[in-house]
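Enquirer:
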Amino acid sequence: MFQKKKFVAAKKVTAPTLAPTATKQEEGEGEGSPSKYPELLRGFRDILSDEQGRWNLVRDTVRKFAEAYSFDRVELPILERADLFLRTLGKGTDVVEKEMYIFTDPSNRSVALRPEATASAARAYINHGMLDRPQPVKMWYMGPMFRHDRPQAGRYRQFNQVGFESFGVDEAIVDAQLIVIGVQMFREMGLDVKVEINSIGTSECRTAYLAELVSYFRAHRAKLSEDDKRRLQKNPLRILDSKEEATRELLKEAPQMLNWLDEKSKEHFMKVLEFLEEMEIPYVLNPYLVRGLDYYTHTVFEFVLAEDQGELSQSALGGGGRYDGLVELLGGRPTPACGFAIGIERIVKALEVKGINPPERPAPKVFFAQLGDASRRVGLKLFEEFRKAGVPIAEAFGKNSLKSQLENANKLGVELTLILGQKEVLDGTIIIRDMESGGQEIVDVKKVVALVLRKLAREEEPVIPSGSAVASS
RNA sequence: GCGGUCAUGGUGAAAUGGUUAUCACACCAGGUUGUGGUCCUGGUAGUACGGGUUCGAUCCCCGUUGGCCGCCCCA
Numbered sequence: 007m008f009q010k011k012k013f014v015a016a017k018k019v020t021a022p023t024l025a026p027t028a029t030k031q032e033e034g035e036g037e038g039s040p041s042k043y044p045e046l047l048r049g050f051r052d053i054l055s056d057e058q059g060r061w062n063l064v065r066d067t068v069r070k071f072a073e074a075y076s077f078d079r080v081e082l083p084i085l086e087r088a089d090l091f092l093r094t095l096g097k098g099t100d101v102v103e104k105e106m107y108i109f110t111d112p113s114n115r116s117v118a119l120r121p122e123a124t125a126s127a128a129r130a131y132i133n134h135g136m137l138d139r140p141q142p143v144k145m146w147y148m149g150p151m152f153r154h155d156r157p158q159a160g161r162y163r164q165f166n167q168v169g170f171e172s173f174g175v176d177e178a179i180v181d182a183q184l185i186v187i188g189v190q191m192f193r194e195m196g197l198d199v200k201v202e203i204n205s206i207g208t209s210e211c212r213t214a215y216l217a218e219l220v221s222y223f224r225a226h227r228a229k230l231s232e233d234d235k236r237r238l239q240k241n242p243l244r245i246l247d248s249k250e251e252a253t254r255e256l257l258k259e260a261p262q263m264l265n266w267l268d269e270k271s272k273e274h275f276m277k278v279l280e281f282l283e284e285m286e287i288p289y290v291l292n293p294y295l296v297r298g299l300d301y302y303t304h305t306v307f308e309f310v311l312a313e314d315q316g317e318l319s320q321s322a323l324g325g326g327g328r329y330d331g332l333v334e335l336l337g338g339r340p341t342p343a344c345g346f347a348i349g350i351e352r353i354v355k356a357l358e359v360k361g362i363n364p365p366e367r368p369a370p371k372v373f374f375a376q377l378g379d380a381s382r383r384v385g386l387k388l389f390e391e392f393r394k395a396g397v398p399i400a401e402a403f404g405k406n407s408l409k410s411q412l413e414n415a416n417k418l419g420v421e422l423t424l425i426l427g428q429k430e431v432l433d434g435t436i437i438i439r440d441m442e443s444g445g446q447e448i449v450d451v452k453k454v455v456a457l458v459l460r461k462l463a464r465e466e467e468p469v470i471p472s473g474s475a476v477a478s479s
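Under the numbering used here, residues 7 to 479 are what the first sequence spells out, in order.
Shown next, in the form of structure tokens:
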């Protein structure tokens with residue numbers, strides 16, 4: 007029996023803590039499991055087989071695109087020096103300020119679970135001297151990210167992202183192609199997205215613009231909400247996507263980023279848009295689109311689920327942009343770069359809402375039913391033969407009665423059940439039972455794989471309807 | 001981080017300040033020999049956790065944890 011009490015007891019055994027800096031057990035989350043059963047950490051989840059079909063669709067599609075567009079797969083560490091993110095993401099950003107899983111490791115280093123992977127990709131680019139490879143260096147990754155945010159549907163503390171990053175080329179076509187890849191991937195998966203796009207220029211023109219923006223809003227400070235005042239102080243760009251009515255009103259008269267772009271930035275942005283038009287990628291110019299991370303320059307964009315895709319609280323499926331200063335910021339040679347990341351959980355959710363649910367794996371069409379240990383031994387070998395023949399096969403070795411095994415077979419919806427009893431083992435035969443008709447035949451066990459293959463192939467032959475019109479529903 | 005809302009077996013639901021918490025589905029085992037789908041019988045399994053009020057709490061109160069929604073933010 008499973009002892010429920012064990013977990014209660016286990017709670018009292020204080021595990022060696024990784025953070026000797028003593029997170030005092032105060033209020034809020036963070037105590038052990040309050041239940042008698044082990045409980046998931048808030049915002050963390052198990053992804054079970056009922057979702058795996060959709061996950062596979064995402065994984066497979068992404069991989070196909072990565073290969074077609076020659077992006078190289080990289081596996082980046084989940085844990086990095088905290089400093090990497092603190093330097094790159096920006097001081098005022100929420101991610102850095104309150105969402106990072108940051109702690110001191112046993113060797114007394116400040117480390118962080120990655121909240122995103124672009125910084126790691128840039129770090130890898132520098133560490134491995136990729137600037138000496140033919141440019142652009144194009145890489146893609148897929149894996150978990152961590153942000154200690156308040157969980158909600160479509161927002162988790164551990165979530166998975168796929169990212170595409172291209173280093174070393176500053177041409178607008180790089181931005182455009184990344185957007186094309188993103189949009190086409192979504193289409194391939196059956197999701198209709200639109201692209202929201204903006205340019206925030208170089209850090210120089212952004213600084214000039216921000217000064218202007220701040221002074222504009224300072225003049226109207228009285229009308230701003232507390233939130234927006236805080237933004238104005240900490241991260242003024244964010245005021246652009248404020249949802250406050252009064253602020254939105256003020257924004258109409260506010261200085262526009264686009265007017266502050268220098269000639270080169272403007273030209274770059276126009277080219278990106280032209281390429282998108284050429285490719286007939288639907289985009290929406292959103293002058294208020296800014297991204298949450300500081301390293302972006304020039305083009306920024308988001309992939310947003312098209313409206314008619316059902317109710318979803320989180321409709322931004324991904325986003326990205328150009329980050330020409332990032333490599334240099336990390337100490338590398340100035341290197342232009344551009345990339346995007348998409349959130350797998352949100353995509354999977356969108357697929358679910360849309361009713362797209364491919365099977366996780368092909369359902370087995372054959373079931374092996376045994377009677378006794380001699381039969382089990384033969385079964386063990388047969389499984390290998392069927393595997394080599396590429397035929398998935400199910401079993402219930404743990405059951406003793408033929409009846410319950412057939413029940414299982416029936417529930418699985420297999421076409422054929424192989425029945426092997428004492429008698430058959432002695433004779434070197436096996437029974438093939440057709441589950442639909444109930445018909446059975448006794449065959450040589452040595453030929454069973456070939457016979458099953460033939461029977462299954464016959465089933466798959468398309469039945470040509472003979473003349474009679476099929477009643478339409 | 002702020003506000004709201006909810007929490008009953010694996011799932012979906014029902015009920016009550018007072019014997020043993022109800023039902024369906026699912027799962028397991030049977031309905032004499034080695035044969036599934038329907039049917040019948042039986043079984044496993046639950047009031048998230050901690051405290052308080054009470055003679056008595058699953059129900060009332062408080063706290064915690066977790067889900068969801070809005071804000072913040074973002075993928």
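Backbone N, C-alpha and C fix where the C-beta goes; we use that ideal spot for every residue, glycine too.
Where in the segment 197-261 do unbroken runs of the alpha helix (DSSP H), each at least 4 residues long, occur, reported from the N-terminal end onward?
Expert: For the segment 197-261, whole alpha helix (DSSP H) runs of length 4 or above, ordered along the chain, are 209-225, 232-240 and 251-259.
Enquirer: Quick check: the Cα distance between Val-384 and Ile-353, rounded to an integer number of angstroms?
Expert: 44 Å
Enquirer: Should Met-285 go down as buried or exposed, given a rule of 16 or more other Cβ atoms within 10 Å for buried?
Expert: exposed
Enquirer: For Glu-442, which residues from the same chain have a beta carbon less than 8 Å from its beta carbon, with the 5 sequence-adjacent residues on both sides left out?
Expert: Glu-421
Enquirer: Check Asn-166 in the structure and name its three-state DSSP category.
Expert: strand
Enquirer: For the segment 31-109, which segments carrying the beta strand (DSSP E) assignment without a break, of at least 3 residues, lie completely within its bounds, in sequence order?
Expert: If we require 3 residues or more, the beta strand (DSSP E) runs fully inside the segment 31-109 come out as 85-87.
Enquirer: Which residue marks the beginning of the beta strand (DSSP E) containing Ser-113, and which one marks its end?
Expert: Ser-113 -> no beta strand (DSSP E), and no H or E assigned at all.
Enquirer: Might you give, ordered along the chain, the residues of its own chain that have their beta carbon closer than 7 Å to the beta carbon of Glu-35, omitting 5 neighbours on each side?
Expert: Note that Glu-35 scores 45 on pLDDT, short of 50, meaning its location in the model is unreliable and no value can be drawn from it.
Enquirer: So, Leu-86 versus Val-117, is the Cβ gap smaller than 8 Å?
Expert: The sequence given here has Glu at residue 86, not Leu. Cβ distance < 8 Å, so Glu-86 and Val-117 count as in contact.
Enquirer: In chain order, which continuous runs of the beta strand (DSSP E) of length 3 or greater are located wholly inside the segment 378-419?
Expert: Counting whole runs of 3 or more residues, the segment 378-419 contains the beta strand (DSSP E) stretches 399-401.
Enquirer: Can you tell me whether Ala-128 is helix, strand or coil according to DSSP?
Expert: helix
Enquirer: Quick check on Ala-369: does DSSP put it in helix, strand or coil?
Expert: coil
Enquirer: Give the secondary structure of Glu-447 by DSSP, where H, G and I count as helix, E and B as strand, and everything else as coil.
Expert: The answer is strand: DSSP assigns Glu-447 an E or B state.
Enquirer: Consult DSSP for Lys-360 and reduce its assignment to one of helix, strand or coil.
Expert: coil
Enquirer: Have a look at the DSSP bridge pairing and note the partners of Arg-439.
Expert: According to DSSP, which records beta bridges pairwise, Arg-439 is partnered with Thr-423 and Gln-446.
Enquirer: For a test of the three-state rule: what should DSSP assign to Gly-349, helix, strand or coil?
Expert: strand
Enquirer: Three Cβ pairs or more, each shorter than 8 Å: is that satisfied between the segment 290-304 and the segment 99-115?
Expert: Two segments are said to touch when three or more pairs of C-beta atoms, one from each, lie closer than 8 Å; by this definition the segment 290-304 touches the segment 99-115.
Enquirer: Considering only DSSP beta bridges, list what Ala-343 is partnered with.
Expert: Beta-bridge pairing links Ala-343 to Phe-173.
Enquirer: What's the gap between the Cα of Tyr-107 and the Cα of Arg-115?
Expert: Their Cα atoms are separated by approximately 14 Å.
Enquirer: If we count Cβ pairs, one from each stretch, closer than 8 Å, do we get three or more for the segment 72-81 versus the segment 213-232?
Expert: no
Enquirer: Where does Val-455 sit, in a helix, a strand or coil, going by DSSP?
Expert: In this structure, DSSP gives Val-455 a helical state, which the three-state scheme calls helix.
Enquirer: Output needed for Ala-380: all residues of its chain with C-beta closer than 6 Å, excluding positions within five of it in sequence on either side, in chain order.
Expert: Val-431
Enquirer: Return the first residue and the last residue of the beta strand (DSSP E) that His-304 is part of.
Expert: 303-311
Enquirer: What residues match up with Ala-375 in a beta bridge as DSSP calls it?
Expert: Ile-425
Enquirer: So what's Glu-466 in DSSP terms, helix, strand or just coil?
Expert: Reduced to three states, the DSSP call for Glu-466 is helix.
Enquirer: Around the C-beta of Arg-464, are 16 or more other C-beta atoms found within 10 angstroms, so that it is buried, or is it exposed?
Expert: exposed
Enquirer: Can you have a look at Asp-330 and say buried or exposed, based on whether 16 or more other CB atoms are within 10 angstroms of its CB?
Expert: buried
Enquirer: Taking Arg-367 as the reference, give the member of Asp-52, Arg-51, Pro-44 and Trp-61 with the closest Cα.
Expert: Trp-61
Enquirer: Using CA atoms only, rank isn't needed, just tell me which of Cys-211, Leu-257 and Glu-210 is closest to Leu-230.
Expert: Leu-257
Enquirer: Could you please give me the residues that DSSP links to Lys-144 through a beta bridge?
Expert: Ser-172
Enquirer: Roughly how many angstroms separate the alpha carbons of Gly-149 and Pro-121, rounded to a whole number?
Expert: So the alpha carbons of these two residues sit roughly 11 Å apart.
Enquirer: Excluding the 5 residues flanking Ser-55 on each side, which residues of the same chain have their C-beta closer than 7 Å to its C-beta?
Expert: Glu-366
Enquirer: Just the Cα atoms here: how many angstroms apart are Ile-206 and Lys-272?
Expert: Taking the straight line joining both Cα atoms gives about 10 Å.
Enquirer: Hey, out of Val-64, Glu-269 and Arg-156, whose CA is closest to Asn-363's CA?
Expert: Val-64
Enquirer: CB Phe-165 to CB Gly-349, shorter than 8 Å?
Expert: yes
Enquirer: Looking only at its own chain, which residues have a Cβ that is under 6 Å from the Cβ of Ala-128, when we skip the five neighbours before and after it?
Expert: Leu-332, Val-333 and Leu-336
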